[in-house]
């Protein structure tokens with residue numbers, strides 16, 4: 001029996017709808033990593049924000065919470081608890097590897113990344129972080145070393161030196177100036193740490209990079225709203241990690257939201273007249289550091305800044321005609337964070353609101369003190385005046401001064417007064433949430449089909465690669481000659 005034409009058309013439409021979408025138009029991929037942030041940290045930040053700003057339950061929701069689509073499993077090839085290097089490699093290359101490895105496989109052989117594949121297809125690329133740009137998560141897009149400690153080699157490869165593909169990343173923004181020059185160069189304010197003494201900042205500028213190294217130069221671009229820097233762009237705003245949000249001087253150091261917007265606007269402008277879009281990695285790195293320090297105030301403040309960055313990114317790209325996806329997750333959870341301790345149902349986020357510095361800054365102030373009454377200085381100036389801790393005993397003060405982990409011990413006092421607890425000063429094996437947004441229904445449905453459940457961290461870049469048509473195996477073949485170990 002011959003089926004009516006209308007039925008055939010309906011059947012054909014159903015078959016087409018069931019097929020995977022073919023991606024053959026211009027694409028943008030934005031990937032945000034909230035380093036060390038787990039579900040508890042999201043809850044804690046929401047309740048911090050709600051208490052501070054006197055918000056309703058709905059008003060207090062983090063922007064991220066409106067976009068949760070699933071969860072991510074984080075173990076590495078070597079351990080159930082991953083480090084940031086192995087997790088970053090999973091996010092960049094779609095492979096599990098051992099802790100400490102940067103975009104090499106379990107045998108130490110280089111593996112191609114989604115970002116390198118994007119560059120081969122003429123996409124523009126960028127990375128932005130609040131830590132030093134040679135650190136484990138943010139460096140994985142185009143560096144390949146057997147150990148994350150090879151910072152000098154990472155710094156070279158990141159700028160395209162010694163890389164088989166040359167310059168892969170068009171925008172590099174964060175901290176880490178000390179890893180870009182030697183101890184003999186004094187023009188950057190402090191001594192560098194490069195063993196070879198090479199000034200990579202000067203070399204990059206000679207090779208055409210635009211360098212931004214201070215707030216004034218950064219502000220001259222007005223976040224890219226009026227003018228954008230010439231690519232490639234190197235923006236370095238600190239010797240190592242950038243300050244926590246609670247400690248950041250906005251007159252000196254731009255925020256994650258600000259650096260993200262400059263990078264985003266620059267990439268939008270750079271790809272306006274080409275057939276290919278861009279890929280951008282944004283990392284809120286210092287959430288992880290606050291977790292290692294067990295510092296609940298600093299953790300909440302950096303998480304809220306990350307959330308505001310996520311919102312700013314979506315606000316900016318929501319009007320683009322180019323198909324754009326935004327995905328956000330964490331490389332792991334840090335601290336084994338819990339809200340509520342002991343055998344009572346007590347939790348007091350209001351006790352976290354008034355601190356004006358991080359515990360990291362508190363220890364810096366204590367170490368810099370040159371007076372003759374350190375106990376009084378710690379008790380009255382640092383704990384009472386800055387951290388708003390007024391019921392610390394003299395015995396506790398003396399223990400803090402004698403401790404070899406003063407920062408964590410101060411954080412423990414803060415945590416106890418708020419009724420929050422931590423299981424570790426390292427990472428945990430907890431799954432982490434994943435959030436996503438797209439400006440087309442088709443792309444969002446593909447996100448849900450590929451990432452909308454419990455997924456391995458390796459599945460994220462593999463989806464990105466499929467989205468823009470990158471063959472990761474082909475990329476791997478092209479980078480086999482890269483040096484994975486320093487000469488000495």
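Residue numbers (full-length UniProt numbering): 1 to 488. All C-beta atoms in this analysis are idealised placements derived from N, C-alpha and C, irrespective of residue type, glycine included. Only a predicted model underlies this, so the values are computations on that prediction, with no experimental measurement involved.
Determine the burial state of residue i: buried for a count of at least 16 other Cβ atoms within 10 Å of its Cβ, exposed for fewer.
i: residue 5; result: In this prediction, residue 5 scores a pLDDT of 45, lower than 50, which makes its location untrustworthy; no coordinate-derived value is stated.
i: residue 195; result: exposed
i: residue 363; result: buried
i: residue 274; result: exposed
i: residue 220; result: exposed
i: residue 59; result: exposed
i: residue 189; result: exposed
i: residue 253; result: buried
i: residue 186; result: exposed
i: residue 451; result: buried
i: residue 115; result: buried
i: residue 348; result: exposed
i: residue 251; result: exposed
i: residue 428; result: buried
i: residue 49; result: buried
i: residue 555; result: Outside the shown range of the chain (1 to 488) lies residue 555, about which nothing can therefore be said.
Would you call the CB atoms of residue i and residue j closer than 9 Å?
i: residue 182; j: residue 197; result: yes
i: residue 262; j: residue 131; result: no
i: residue 433; j: residue 84; result: no
i: residue 461; j: residue 113; result: yes
i: residue 74; j: residue 99; result: no
i: residue 358; j: residue 246; result: yes
i: residue 400; j: residue 355; result: no
i: residue 228; j: residue 269; result: yes
i: residue 415; j: residue 232; result: no
i: residue 372; j: residue 419; result: no
i: residue 291; j: residue 422; result: yes
i: residue 299; j: residue 430; result: no
i: residue 266; j: residue 33; result: no
Considering only residues of the same chain and omitting the five flanking positions on each side of residue i, which have a CB-CB separation below 8 Å?
i: residue 379; result: 392, 394, 397
i: residue 320; result: 28, 268, 439
i: residue 45; result: 62, 299, 300, 303, 304, 307
i: residue 76; result: 82, 83, 86, 87, 90, 96, 97, 98, 99
Using a Cβ-Cβ cut-off of 7 Å (strictly less than) and excluding sequence neighbours within five positions of residue i, which residues of its own chain qualify?
i: residue 158; result: 133, 134, 139, 142, 143, 169, 172
i: residue 443; result: 323, 325
i: residue 390; result: 384
i: residue 40; result: 337, 338, 339
i: residue 573; result: Look at the range of the chain in this structure, 1 to 488, and you will see that residue 573 is not part of it.
i: residue 382; result: 362, 365, 366
i: residue 481; result: 164
Here's a check: name, in chain order, each residue in its chain whose Cβ is nearer than 6 Å to the Cβ of residue i, leaving out the five neighbours to either side.
i: residue 288; result: 35, 36, 334
i: residue 235; result: 173, 212
i: residue 403; result: 409
i: residue 350; result: 51
i: residue 128; result: 173, 259, 260, 263, 282
i: residue 151; result: 134, 179
i: residue 199; result: 181, 185
i: residue 327; result: 31, 436
i: residue 307; result: 62, 63, 64
i: residue 406; result: 363, 400
Would you mind giving the Cβ-Cβ distance between residue i and residue j, rounded to the nearest angstrom? I have them listed as a contact below 8 Å.
i: residue 92; j: residue 103; result: 6 Å
i: residue 435; j: residue 64; result: 5 Å
i: residue 137; j: residue 312; result: Not quite, the Cβ-Cβ distance comes to about 21 Å (not below 8 Å), so this is no contact.
i: residue 477; j: residue 145; result: That pair is no contact at about 19 Å.
i: residue 126; j: residue 280; result: 5 Å
i: residue 472; j: residue 117; result: 6 Å
Heavy atom of the ligand FMN less than 8 Å from the Cβ of residue i, yes or no?
i: residue 152; result: Summarising the ligand content, the structure contains no ligands, and the ligand FMN is consequently not present.
Ranges of the beta strand (DSSP E) found wholly within the segment 402-437, counting only runs of at least 3: 420-422
Sequence ranges, alpha helix (DSSP H) only - wholly within the segment 279-345, length at least 4: 286-292, 296-317
Ordered list of beta strand (DSSP E) runs contained in the segment 104-187, each at least 3 residues: 124-132, 171-175
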